[in-house]
Each structure stands twice: as structure tokens, then as C-alpha cells.
Amino acid sequence: MKVVEVRGLVKVYEGPGKKHVRALDGVDLATARSECLVLLGPPGSGKTTLLRTIAGLESPTHGEVHLGGHLVNGLPPRIRRVGLVVPSYALYPHKTVRGNIEFPLKAEHTPRAMRERKARWAADLLGIPHLLGRRPGRLSVDERRRVALARALAREPAVLLLDEPLSGVDARLRAAARDELRSLQRRLGTAMICVTDDQAEAMGLGDRVAVLDAGRLRQVGTPQDLYDEPVDTFVATLIGTPPMNLVPRGDRLIGFRPEHLLPAEEIPPEGRVTMPLRIDRIEYLSGDRHVYGSVARIGQETRVIARLPATMTTPLAGGQTREFAVPGDRLRFFDAEYGNRTAPVRIGG
Amino acid sequence: MIRVAADTAPDARRRGGPADREGLLTWVFLLPSVVYLTALVVLPLALAVALALSGVTATAPAYRFTGAGEFASALGEGAFWRALGDTLLFTAVSTVLVVLCGQVLAHVLLARFRGRWLVRPLVLLPWTTPAALSATSWRWLLDSADSPAGWLTRALGVPDGAWHTRPAVAMGAVVAVHVWRLTPLAAVVMAAGLTAIPRDVRDAARVDGAGAARRALEVTLPLALPSIAVAALVTAVLTCADVTVVAVLTHGGPGGATQTLATLAYTRGAEGGALGQGAAIAVLLLPLPLAGATGLFRVVRRRAER
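Line order of the protein sequences matches chains A and B. Residue 307 in the working numbering sits at position 307 of the first sequence, with consecutive numbering throughout. Residue 195 in the working numbering sits at position 195 of the second sequence, with consecutive numbering throughout.
Laid out in C-alpha cells, this is it:
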């Protein structure tokens, strides 16, 4: 059974000057039990609107929202039993951490003893039992994030909706926080929908990732699907650091990932496509070498990036022109005008 | 290279202008408020205390020091204690009603509905109208036989007219006009407090499953409390020191039933010519708003610190 399912969701806002903004433009999406689905997209792509619509804070202009198989359009947020964490964490500043965590339970008229037990359980889960007596004003950003998560989890919601759950976390701790969030979710088996504009976070966190742009879904799939088989140039260039290289050739764009563009001698000759790379400069990043330069011959001369793994010690220097190559099965082809995926074309060499 | 270094080095020979001297600037910026406070708060207050310590009257304006004589005679008077009681009652009832009505009006001010461009200025009208003018209008409304109030009371079978001959009704009328006049100010203050509550927090309460009553009592009210306290304080101070409404509407009557300390001081000092006695009563009124103000600010600050 689908924990959350949206069908044909459209949300139109009336902006200033009677201008209509389609924040969501026909979104179909479903998430299964104990799955982590990440909504990825640039700012303004409708991710947060989708999350708030599922929570019931926004009502859709068209389309249906189903929770646990029930149509919940028009039902107020309080009977939807979802857990929501927003970027500001929205803690009640006048209540203690305990008061914050217990608030959803109190709203459900949970008996006091049960309430205390559940609050304790949620606090233990997030490692904050020592903070129960404090007020949010005296907590660090990371502690506030934990309190917000504990509050969302306390009444064991069917789905946990997280809007930029790691945005406030210090960059150095983000990977650890992501890992903790994931293992927490696995342990509880709660379905989770996360919103982020950071592709690395989306790829690391999600069982599946849904890419949104201008209120429309571009692609939904596992991180590997999205990375290896992007359906269009938007997804291809959104995901991956550095992003996929795109070389124009006639009415097509030839796409290949930086890590597949390597010195020609490193790639077995059968099926490879070679091209001369004029090297501008080289960055040395976490052991890998990122080679900036431009390629010719396979299409229009285009600036590209090649990423050589630390294990590859081929001497390279700026100003050189070297023969590079990409394995033929690593090439992706897109329509130059619309950006959608097309059938492969033969490239000589 | 060397020349560049020399050019960017601090120029030790040049001193900063007057604008660079922070000590001087502090005094320049503070001066206007120091002058203002001295001229318009400290001096009048000192003058009032000096007057209160003298027996000066309009007919004998020469200053003669009489010590605490005027204070003693005021404190020994039944009218003073009665006025004090009336002031407390009048202030407390008005403040509670103003805060309640103001809270409702604050939500009206914030609500989005058609024609709110018309309603918003209308809401503020009672406060922006000069008190003397509005009190006069109210007096007509309540007094004249052809007024809506007169018609209404007759329709309800209440004996005609003469509302200001009955103490409780007269007091009610004074309170009503005060509430009508001060509610818009309190509403604006409290509306500002309500908009300061983060939308995220109100959304969180909805998602957390709280119904309208729980959201109002456990989320909105505690977070709006500082602005409610400020609105209550301002109302209380403006109410207990007000002369105009009582003076125009009832002139303290019937039989001193609506006489507050402020109107008593005014009647004795300005109208009766007993300047010293009026000043003494006014000075004795001072601790009331002062105590209220310090108490409220202490509560608000303690909440903010937590």
C-alpha cells in the first residue's frame, strides 16, 4: 500500500498583480512504506509546496492527495498524522524541550504517563534526554534540529516530511547527520519524504529521488538511475559534481561524466571515442585531479571537465593537448533543442 | 612594491576629525534626549512637587513653603480615598475591556477580506479623534432624549433620561467611552505582536494536531503576551491619568461617583484655584502608573530571558 500518493497535483498561487504562478503543474508521485523519497530541485521548483500540500498546510488547486489509501483533500493538517520538520525548526519558544515533544501527544489527548514515556523514547532516540528541561532559546542549531525531529516522531506518524532537514547543520557534520537520519529512519521503518536543493544530499539520503523543475517532475528513480540514465539535460547537469559534460554536435548534445573522460591510453580501444583535450588548468581535489580544458573533433569545441582518480598518475600539465577518450557505452545523447534523451548516434573514431 | 606598501600604511600624522571621536559623538547624540527629558519631564515634575509643598492658590500666588501640609490634608480627606478607589476600579475595568476588545480588533485588522482598506482606517478613528470632541458627541448620544441611547433605554422600559444621576450607570458610561477611545491603540499594538509570531510556528501547531482552542491558548497567547502586556500598560497609564472624558461626560458626578484622582487634581488645582492641593493630589497619583509600568516590564523581561 502506498503511504503517500499524489495524483495530478496542481497548485496555482495568485501572485502580485493578478499573476498566476503554477507552483505545482501536474505532479504524480507515490511513496512506499519505509522508503525515503527525496524531492530535489532548484529553489522555486515547487518542492516545499508539494511537501506542504501533503501536510495539509496548502490545499491543491487540482488533483488528489492520498494518505494510507485515503483521499485527504480538504482535511485539516491535524487529522493527517504526519510529522513535519521545517528549515526554521519552528519550535515553541515558550515551551521546554519536553513541552515541545509532548505537544502533539497532548493534542491527541494521550494520557500523561504515556505522553511522558513517548517523549522520553523520542528524546533517547535522538540523543537529547539531557535537554528535556531546557527551552529552545538556549539550544544550538543541531540540538534544535534534534528536538524538531523528536517532536515530529513522538506520535509515530505514518510519514515524516522533512524540509531541508540538514540545511542548518555545519558542513563538516553534514555527512554524519545524514547517516544518522538514514539509520534512524531504517530502524523505525517510517516512510520519509525529504526536500533538498543539494544534489549530493539527495543522492546520499534517498532510496529514490524525484527531480522537480518549475512544478513538474523531470525524473523519479534510484540515485543510480538518475546518475547513469538521466532522462534529460536538466537532470544530467543537476546531478554530479562536476556535472555531466555536454558537447553540441549537430542537432544533438553528447553527454559524458567527467570520470569517464580519461587519457586515451587508459581506455580499451574497442568502442571508445577519442578526442583531443586542450588542458587549461588542473585542480587537485580530495586526491582526484579535475582537468579543465576544451575538446574538439567529436563536435563543436566545448569546455569540459575530466576527473582523473587518484590511482591514475599520468603526468599532465596546463597548455598541453592530449588525446582523451570516453568508453562508447558511457556516452549519452540528448536533443539539442529540447534536452530530452535520444537514441545514440555513431561517432567516428 | 615598496611604494605600494608605503601608500597603504596608516597615516600617523593625520588625526581623525571630530566624527571619529566616539566619546564626543556619544554626547552629541544623547544631548537632544537629555534636553528633552530635562525640560519636559524633570522640570515639570520638580515644579509640581514644589507646588505641592506650598499652599499656593490662584488668589494668593506668592510661594510659601508649607512642608507636607497639602499632602496631609489630601490624605486626610474622604474625597481623596474615594477618588483613589474609583481610579483603581475605573482603570482596572477599562484596561481589561480594552485588552479584550483590542485583541478582537487586532484580528480584524490582520484578517484578509474584501473592503479591509476601508475598515482599517475606520477602526483607528476613535483614537485619532480628539478626546474632548468625541466625549462631547458621546454626551449628546447618551443625554438627549432624541439620541439612540435615550430611545433604547425608553424602549427597554428604563426610566427616562437622567443616566448621569445614577452612580453605577455614570461610571459605566465613562468606562464605555474610554474603552471605545483606547481600543484602537491597543489593537494596533497587539496586531503588531500577533504578526511577529512566526508563521512556521503556527503551522507547526496545526500539523501537530492542535485544534483552534489549543492553538490559541498554548501557542498564540503565550507568544503574544509581551505585546498584550505593553498594550495593557499603555492603556492603564492613559486611563488613570485621563481628565478629558470624565470632565466632559460627567464632571465627576453624580456626587463624586466618577471622580478619579486625575480629575480631582484638575478640579481642585485648575478649576478651584488651589494649586498646591491639586499638585499634591497629582503627585500622589504618580506611583500608580509607575508601579504598574515597572511591574509589567519586569514580567516581560523575565519571560524574554527564559
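Backbone N, C-alpha and C fix where the C-beta goes; we use that ideal spot for every residue, glycine too. Values in this document were obtained by computation on a predicted structure and should not be read as measured data.
Assumed close pair residue i, residue j - CB separation to whole angstroms, cut-off 8 Å
i, j, result
"Leu161 (chain A)", "Ile79 (chain A)", "Not confirmed; about 15 Å, so no contact."
"Val247 (chain A)", "Val295 (chain A)", "6 Å"
"Leu57 (chain A)", "Val207 (chain B)", "7 Å"
"Arg146 (chain A)", "Ile101 (chain A)", "That pair is no contact at about 10 Å."
"Val27 (chain A)", "Leu9 (chain A)", "4 Å"
"Val159 (chain A)", "Val4 (chain A)", "5 Å"
"Arg208 (chain A)", "Val195 (chain A)", "Rounded, the Cβ-Cβ distance is 14 Å, inconsistent with contact."
"Val211 (chain A)", "Gly41 (chain A)", "6 Å"
"Arg252 (chain A)", "Phe324 (chain A)", "With 8 Å as the limit, Arg252 (chain A) and Phe324 (chain A) do not qualify as a contact, their Cβ atoms being about 20 Å apart."
Chain B contact residues for residue i, given Cβ-Cβ distances below 8 Å
i, result
"Ser88 (chain A)", "Pro198, Asp200"
Assigned secondary structure, residue i (DSSP; H/G/I helix, E/B strand, else coil)
i, result
"Phe324 (chain A)", "strand"
"Phe71 (chain B)", "helix"
"Asp20 (chain B)", "helix"
"Ala191 (chain A)", "strand"
"Gly287 (chain A)", "coil"
"Ile254 (chain A)", "strand"
"Ser45 (chain A)", "coil"
"Leu226 (chain A)", "helix"
"Lys106 (chain A)", "helix"
"Met190 (chain B)", "helix"
"Gly349 (chain A)", "Legend: pLDDT at Gly349 (chain A) = 49, less than 50; position of this residue unreliable, no value from coordinates given."
"Tyr338 (chain A)", "coil"
"Asn245 (chain A)", "strand"
"Asp170 (chain A)", "coil"
"Ala32 (chain A)", "strand"
"Gln300 (chain A)", "coil"
"Pro196 (chain A)", "The identity of residue 196 (chain A) in the sequence shown is Thr, whereas the question assumes Pro. DSSP places Thr196 (chain A) in strand when its eight states are reduced to three."
"Pro184 (chain B)", "helix"
"Pro111 (chain A)", "coil"
"Glu14 (chain A)", "strand"
"Lys19 (chain A)", "coil"
"Lys95 (chain A)", "coil"
"Arg78 (chain A)", "helix"
"Ile282 (chain A)", "strand"
Nearest neighbour of residue i, chosen from the options [CA to CA]
i, options, result
"Pro60 (chain A)", "A:Met275, A:Ser167, A:Val12", "A:Val12"
"Gly287 (chain A)", "A:Thr313, A:Leu50, A:Val169", "A:Thr313"
"Gly319 (chain B)", "B:Gly292, B:Arg202, B:Ala293, B:Leu261", "Chain B is shown from 1 up to 306; residue 319 (chain B) falls before or after that span and cannot be answered."
"His109 (chain A)", "B:Trp127, B:Arg214, B:Leu100", "B:Arg214"
"Thr241 (chain A)", "A:Arg252, A:Phe256, A:Asp251, A:Gly250", "A:Phe256"
"Leu181 (chain A)", "A:Gly339, A:Arg272, A:Asp142, A:Leu105", "A:Asp142"
"Arg178 (chain A)", "A:Leu153, A:Arg115, A:Arg187, A:Gly204", "A:Gly204"
"Met1 (chain A)", "A:Leu126, A:Ile193, A:Ala30", "A:Ala30"
"Leu45 (chain B)", "B:Ala293, B:Val28, B:Pro287", "B:Pro287"
"Tyr89 (chain A)", "A:Val82, A:Leu149, A:Leu39, A:Val38", "A:Leu149"
"Arg216 (chain A)", "A:Arg289, A:Leu262, A:Gly44, A:Thr237", "A:Gly44"
"Glu265 (chain A)", "A:Leu226, A:Pro243, A:Arg322, A:Tyr227", "A:Arg322"
"Phe90 (chain B)", "B:Leu223, B:Ala210, B:Ala176, B:Ala196", "B:Ala176"
"Pro268 (chain A)", "A:Lys118, A:Gly69, A:Asp329, A:Val6", "A:Asp329"
"Gly255 (chain B)", "B:Asp203, B:Ala170, B:Asp242, B:Thr239", "B:Ala170"
"Arg98 (chain A)", "A:Lys118, A:Pro87, A:Leu50", "A:Lys118"
"Arg139 (chain B)", "B:Phe113, B:Pro121, B:Leu110, B:Ala173", "B:Ala173"
"Ala32 (chain A)", "A:Thr190, A:Pro263, A:Lys95", "A:Thr190"
"Gly83 (chain A)", "B:Leu47, B:Pro226, B:Thr294, B:Asp203", "B:Asp203"
"Ala202 (chain A)", "A:Thr233, A:Pro165, A:Arg186, A:Arg172", "A:Pro165"
"Ser54 (chain B)", "B:Ala39, B:Leu37, B:Ala72, B:Leu43", "B:Ala72"
"Ile197 (chain B)", "B:Leu221, B:Thr183, B:Arg181, B:Val188", "B:Leu221"
"Pro167 (chain B)", "B:Asp86, B:Ala62, B:Leu100", "B:Asp86"
Contact list for residue i against chain B, beta-carbon separation under 7 Å
i, result
"Pro104 (chain A)", "Asp208, Gly209"
"Leu188 (chain A)", "Within 7 Å Cβ-Cβ: nothing; Leu188 (chain A) doesn't reach chain B, min ~18 Å."
Contact list for residue i against chain A, beta-carbon separation under 7 Å
i, result
"Leu214 (chain B)", "Note on identity: in this sequence residue 214 (chain B) is Arg, with Leu being the wrong assignment. Residues of chain A passing the Cβ test: Ala107."
"Ala219 (chain B)", "The residue asked about is misnamed: residue 219 (chain B) is Val in this sequence, not Ala. Within chain A, the residues near Val219 (chain B) are Tyr92."
Within chain A, the residues that residue i reaches when beta carbons sit closer than 9 Å
i, result
"Leu223 (chain B)", "Tyr92, Pro93, His94"
Where residue i meets chain B, residues with beta-carbon distance less than 9 Å
i, result
"Leu84 (chain A)", "Asp203, Ala204, Val207, Asp208"
Under 8 Å by beta carbon: chain A residues contacting residue i
i, result
"Val188 (chain B)", "Within chain A, no residue comes near Val188 (chain B); the closest Cβ sits about 23 Å away, beyond 8 Å."
Practice problem: Compile a chain-ordered list of the residues in the stretch 255-282 of chain A whose CB is closer than 9 Å to at least one CB of chain B. | Solution: none
Exercise. Residues of the stretch 63-84 of chain A with a CB closer than 9 Å to any CB of chain B: list them in chain order, please.
Key: Pro76, Pro77, Arg78, Ile79, Arg80, Arg81, Val82, Gly83, Leu84
Quiz item: Using Cβ-Cβ distances below 7 Å, what residues of the stretch 45-62 of chain A are close to chain B?
Solution: Ala55, Leu57
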